[in-house]
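Participant: Mind having a look at this structure? Questions to follow.
Given below as structure tokens:
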């Protein structure tokens, strides 16, 4: 028993000193993730590549959002900014172009693109519930 505990302590110590084979170069901090959604993989009826190259970012997502919301009326811009994310895809509003307002059960709901409209309207309660969180 003591031998097993000594072995575990030595293994833990060596992991602390040598790491687990990972590079010693630190990775940049990760961006916060949008809310988890099972729809994010399919993103409505299309994939993420339809909106251009997401790999090269000349602007941050927040800068893209602000620029796109500036195209809306002040009231709509405030509403979309408050909602912040598309309830269907989980994408930050404005990162894929001007967000779209859809009236759902008397409530304005902002979506990131036309591809998310069908799912929103097919299952409004599911996506309205996401906006309540």
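In our numbering, the protein residues as written are 94 to 226.
No residue lacks a Cβ here, since even glycine has one placed at the ideal position from N, Cα and C.
1. From 170, 155, 159, pick the residue whose C-alpha is nearest to that of residue 194; which is it?
2. Around the Cβ of residue 201, are there at least 16 other Cβ atoms within 10 angstroms (buried) or fewer (exposed)?
3. From residue 190 to residue 222, what does the alpha carbon distance come to, in whole angstroms?
4. Within a Cβ cutoff of 8 Å, which residues of the same chain sit near residue 214, ignoring the five residues on either side of it in sequence?
5. Going by DSSP, which residues form a beta bridge with residue 190?
6. Would you tell me roughly how many angstroms separate the C-alpha atoms of residue 210 and residue 157, rounded to the nearest one?
7. Should residue 165 and residue 176 be called a contact, given that it needs their Cβ atoms to be closer than 9 Å?
8. In or out: residue 207 buried (at least 16 other Cβ within 10 Å) or exposed?
9. Rank 180, 153, 216, 199 by C-alpha distance to the C-alpha of residue 224 and give the top, closest one.
10. Identify the continuous alpha helix (DSSP H) that holds residue 167 and give its terminal residues.
11. Starting from the C-beta of residue 217, find all residues in its chain whose C-beta is less than 7 Å away, skip the five residues before and the five after it, and write them out in chain order.
12. When burial is assigned at 16 or more other CB atoms within 10 Å of the CB, is residue 153 buried or exposed?
13. With a Cβ-Cβ cutoff of 9 Å, do residue 182 and residue 205 count as a contact?
14. Apply the 10 Å Cβ neighbour rule to residue 188 and answer buried if 16 or more other Cβ atoms are within range, or exposed otherwise.
Facilitator: If we stick to the structure as given:
1. Taking the Cα of residue 194 as reference, the smallest distance to any Cα among 170, 155, 159 is reached at 170.
2. exposed
3. 24 Å
4. 195, 197
5. 188
6. Roughly 21 Å between the two C-alpha positions.
7. no
8. exposed
9. 180
10. 167-176
11. Result list for residue 217: 197, 198, in chain order.
12. If you draw a 10 Å sphere on the C-beta of residue 153, you find fewer than 16 other C-beta atoms in it, and that means exposed.
13. yes
14. buried
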